[in-house]
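**Student:** Residue numbers (my numbering), protein chains in the order written: chain A, 233 to 579; chain B, 31 to 345.
Positions of the beta carbon are idealized from the N, C-alpha and C atoms, including for glycine.
This is the structure I want to talk about, given as C-alpha cells.
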C-alpha cells in the first residue's frame, strides 16, 4: 500500500483524532524505562527510547484478568453461578510496538486460537487491537531478531509499520484496518520517496547478535532432555519468573477463585514454569520439583517442543529482554547454541 | 578490585587441588555489559574463567543453601555475613566451607549507569576506579563511587567477617555513614502518607519474586505466597496482595538481613524494596544493638530472650 509521510508536527493532532475512535496504548516512560499502557488524553507515546522494559503482551493478555464474577450469598437467586465478567474489549490501537513484539502476538495466537480451542478473552482483545509498529532503526546489542525469522523492519503481525526518519514518520498500512487507522488520523500525505528498504538494510546490519537454530528440529528430544549441560546452565538460576514475565511469547497462566465477603471472581494470572507451584499436583507430587528440571523445561519448550509442535522455528522473537533482565545473566542465546550443537557423543 | 582476580584464581585453584572442595562458587564473565554470572567451577583447568570486578553484586551465599559436600566460595563482606547467618541457621556448616574472602569497595548499579548513559550500553570497562561505558559512537566514564549500588555506598562491613584466606589486603571501612536517612523520612510520615508511599513504591511489582529468590535468607522450602493448602495470599495484581508479599518477606528478614542489596539488584522493574528491610535493620540495631551476620557464636535477637530486652511496646 501507499507510503504515507507524517510530519511530526501533525502527530499530536492525528493522535487526538484517533482517540475519538480508539483507546490508544503506547510506551510511556516512568522512572527510567518505558512500558506499554493506556495513554491518557493528550498524552503521546514515547517513541524515542529503546524497546519497552516489559513486552506489550499485557495489552492483550493482562497479567491479571477477571473472567467470571459470582456471589456466594445464598439469598441471591443466582448464587454460585458464574457470570461472564463481560468486559468489553473496545477498539484499541497500540502505537509503537516493535516488530519483534508484533511477531510474538502471532506466535502466541497459535496457542490461544486453534481449530479445537479458542481462548475468548485473548482473542477478543487481540481482534480489537490495531497494531501500529515502530521499526527499529537502532536495534539493541542483545537483540537477535534476524535469526528468529523476524527483523527490525519486519511487518509480521502488524497493521501499520511506522519508521522514524528524524523529522517525520513514514507509515505503511499493511492491512485494511491499518489503512482505516491512518485515515482516521487524517494522515494521508503521500511520501515523495521510499527509503524503507535502505533503512531496513542499515538496521539489519546493526544486529550484532545471532543464534543458530537449524539443527534443533533434527535433535532427538530425549537426547536433549538428558543432555549433560543442564546442571551447569541451571546453576546460577534463582528460579524467579523474570524471564517468563518479560517475555512476549510466554503465555502460561493459572486460574484462581477469590472471594471477598459474599462476592467472588474467577481470574486468571500469568504463571511461570520457573515456579515449583506451576507443576505441583493435588497429590503433593511435583514432577518438576528441582531447579534444573524447571530451567530445562523453559528452554526445551521454547527451543525444542515448540519447534516440533508448530514447525515454524523457535518460540522466541529475539527481543533480548530475558537476556538483559535476568538477574543472574542466564542467556538464552548461549543455551540455544548448546542445544543446537549438542551431539550425543559428547556424553 | 581488578587486581584481586589473579589471587582469587590462584587460591581457587589451590582449593580445588589441595583442599578437597568439589567446586568453588564464583563468577564467570557475563554475556552482557556490567553483568557476571554465578558459576560453580569444578576443574582447575577452567580457572581462568573466574572473573572479579565491580559487577559481582549477586550474593553467592544464595548458592550454598542446603548443599552437601565441601565447597569453596568467594565472599565479599556481605556474602560473608550471610555465610555466618547460614551457619547459625544450619543451612550449611562451617567445616563444609573453604571461604576465599574478598575485601570489597562496592559493586556498581547497572540500571543507574544505563539511566545516566541514556543509551544502550554496548561495552564496559573498569579502570582506576572509573567505569567506562561505550554506546553507539559514544563513550562516557563514571567515577565508580558515583554509581555504586545504594547499599554499597552506605556499607559498613566491606571486609569479610569470616574466611579461610583473603584475596587481598583489607580495605578501610567507611565511617560516619548515614545509613538510615531514608528510613527516618518514612518514619516521620503520617500513616496515610506512609500507606500512599508504600502503594507507590510497590505498584509496579510484577510478582516475579526475583527479590525473594535472589535473597540468601529466603530459603523456605515453600514460601508463604506459594502455599496452596491453605492459600494465604491472592495471586493477582491486587495491591493488598502485592504489599502483603513484600511486607511479610521483609519481616521474615528481621535481624537477619545484611543489606547485601541482592533484592533491589535483581528487580526487573527497579523497585526500591530495601527501604523495608532497612527499617527492620534499624530497629534491631536500636533495640538490640544487633547487626546481622558478624559472629557465628551469637544468636540473633529474634530467637533469643534476654530479661533486658526492650518492652516499651507493652502498654
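Under the rule that 16 or more other beta-carbon atoms within 10 Å means buried, what is residue 47 of chain B, buried or exposed?
**Tutor:** Exposed, because fewer than 16 other Cβ atoms sit within 10 Å of the Cβ of residue 47 of chain B.
**Student:** For residue 92 of chain B, return the contacting residues in chain A, with the cut-off set at a CB-CB distance below 8 Å.
**Tutor:** In chain order: 470.
**Student:** Determine whether the beta carbon atoms of residue 291 of chain A and residue 257 of chain A lie at a separation below 7 Å.
**Tutor:** Yes; because the gap between Cβ atoms is below 7 Å, this pair is in contact.
**Student:** Which ranges does the alpha helix (DSSP H) cover as unbroken runs of at least 4 residues, wholly within the region 502-562 of chain A, from first to last along the chain?
**Tutor:** The region 502-562 of chain A contains these whole alpha helix (DSSP H) runs: 523-532, 538-542, 553-557.
**Student:** Which residues in chain A sit within 8 Å of residue 131 of chain B, going by Cβ to Cβ distance?
**Tutor:** In chain order: nothing, as chain A lies at least about 21 Å away.
**Student:** Are the CB atoms of residue 160 of chain B and residue 171 of chain B within a distance shorter than 7 Å?
**Tutor:** Result yes, Cβ atoms of residue 171 of chain B and residue 160 of chain B sit closer than 7 Å.
**Student:** Let me make sure I understand the geometry here. Which of A/376, A/352, A/475 has the alpha-carbon closest to that of residue 174 of chain A?
**Tutor:** Any property of residue 174 of chain A remains undetermined from this structure, which presents chain A solely from 233 to 579.
**Student:** Residue 336 of chain A to residue 565 of chain A, Cα distance in whole Å?
**Tutor:** About 17 Å.
**Student:** Is any beta-carbon of chain B found at less than 7 Å from that of residue 381 of chain A?
**Tutor:** Chain B contact via Cβ: absent.
**Student:** By DSSP's criteria, residue 66 of chain B is part of a beta bridge. Which residues make up the other side?
**Tutor:** Answer by DSSP bridge pairing, in chain order: B/59.
**Student:** Output needed for residue 542 of chain A: all residues of its chain with C-beta closer than 6 Å, excluding positions within five of it in sequence on either side, in chain order.
**Tutor:** Correct list, in chain order: 342.
**Student:** Between the Cα of residue 514 of chain A and the Cα atoms of B/273, B/227, B/259, B/255, which residue gives the shortest distance?
**Tutor:** Cα-wise, what sits closest to residue 514 of chain A is B/259.
**Student:** Closer than 7 Å by beta-carbon distance: list the chain B residues that pair up with residue 474 of chain A, in chain order.
**Tutor:** Within 7 Å Cβ-Cβ: 238, 240, 298.
**Student:** Run down chain B in chain order and give the residues with a C-beta less than 8 Å from the C-beta of residue 467 of chain A.
**Tutor:** Within 8 Å Cβ-Cβ: 68, 69, 70, 93.
**Student:** To which residues does DSSP link residue 302 of chain A through a beta bridge?
**Tutor:** DSSP output for residue 302 of chain A lists A/496 as bridge partner(s).
**Student:** Answer with buried or exposed for residue 340 of chain A, where buried requires no fewer than 16 other C-beta atoms within 10 angstroms of its C-beta.
**Tutor:** Answer is buried; the Cβ neighbour count reaches 16.
**Student:** Just to confirm my understanding: we take residue 327 of chain A, look at its own chain, exclude 5 residues before and 5 after, and list those with CB closer than 6 Å. What are they?
**Tutor:** Only 258, 277, 364 meet the Cβ criterion.
**Student:** Does chain A have any CB closer than 7 Å to the CB of residue 73 of chain B?
**Tutor:** No, residue 73 of chain B lies away from the interface with chain A (no Cβ there is under 7 Å from its Cβ).
**Student:** With distances taken Cα to Cα, identify the nearest neighbour of residue 310 of chain B among B/301, B/302, B/320.
**Tutor:** Checking every option, the nearest Cα to that of residue 310 of chain B belongs to B/320.
**Student:** Spatial neighbours of residue 286 of chain B within its chain, please: C-beta separation below 7 Å, excluding the five flanking residues on both sides.
**Tutor:** Cβ within range, chain order: 115, 247, 322, 330.
**Student:** Since residue 168 of chain B is in the beta strand (DSSP E), which residue starts that stretch and which ends it?
**Tutor:** Its beta strand (DSSP E) spans residues 168-173.
**Student:** Flag this pair as yes or no: are the beta carbons of residue 448 of chain A and residue 395 of chain A separated by less than 7 Å?
**Tutor:** No, these two residues do not count as a Cβ contact at 7 Å.
**Student:** Indicate the three-state DSSP secondary structure (helix, strand or coil) for residue 569 of chain A in the structure shown.
**Tutor:** Residue state, collapsed to three classes: helix.
**Student:** According to the neighbour-count rule (16 or more other Cβ atoms, all chains shown, within 10 Å of its Cβ), is residue 578 of chain A buried or exposed?
**Tutor:** Its pLDDT being 49, under 50, residue 578 of chain A is placed unreliably by the model, and nothing is read from it.
**Student:** Helix, strand or coil: how does DSSP classify residue 592 of chain A here?
**Tutor:** Residue 592 of chain A lies beyond the range of chain A shown here (233 to 579); nothing can be said about it.
**Student:** Using CA atoms only, rank isn't needed, just tell me which of A/471, A/252, A/248, A/280 is closest to residue 261 of chain A.
**Tutor:** Ranking the options by Cα distance to residue 261 of chain A, first place goes to A/280.
**Student:** Let me check understanding here. Comparing Cα to Cα, which of A/505, A/269, A/233 lies closest to residue 524 of chain A?
**Tutor:** It is A/505 whose Cα lies nearest to the Cα of residue 524 of chain A.
**Student:** Against chain B, with Cβ distances strictly below 7 Å, would residue 292 of chain A count as a contact?
**Tutor:** Taking Cβ atoms only, chain B never reaches closer than 7 Å to residue 292 of chain A, which makes this a no.
**Student:** Using only the alpha-carbon positions, how far apart do residue 235 of chain A and residue 404 of chain A sit?
**Tutor:** One C-alpha to the other measures close to 5 Å.
**Student:** Rounding to the nearest angstrom, what Cα-Cα distance links residue 87 of chain B and residue 560 of chain A in this structure?
**Tutor:** Those two C-alpha atoms are separated by around 10 Å.
**Student:** Can you tell me which of the three DSSP states residue 196 of chain B falls into?
**Tutor:** Correct three-state label for residue 196 of chain B: strand.
**Student:** Could you tell me whether the region 94-111 of chain B touches the region 173-190 of chain B, using the rule of 3 or more Cβ pairs below 8 Å?
**Tutor:** Contact holds: three or more Cβ-Cβ distances are below 8 Å.
**Student:** In three-state terms, what does DSSP make of residue 579 of chain A?
**Tutor:** Residue confidence is low: residue 579 of chain A scores 49 on pLDDT, short of 50, so the model does not pin down where it sits. No coordinate-derived value is stated.
**Student:** Express the C-alpha separation of residue 128 of chain B and residue 69 of chain B in angstroms, rounding to a whole number.
**Tutor:** For residue 69 of chain B and residue 128 of chain B, the distance between alpha carbons rounds to 16 Å.
**Student:** For residue 124 of chain B, count the other beta carbons within 10 Å of its own beta carbon; 16 or more makes it buried, fewer makes it exposed. Which is it?
**Tutor:** So residue 124 of chain B ends up on the exposed side.
**Student:** Taking the C-alpha atoms as reference points, what is the distance between residue 558 of chain A and residue 298 of chain B?
**Tutor:** Approximately 8 Å, taken between the alpha carbons.
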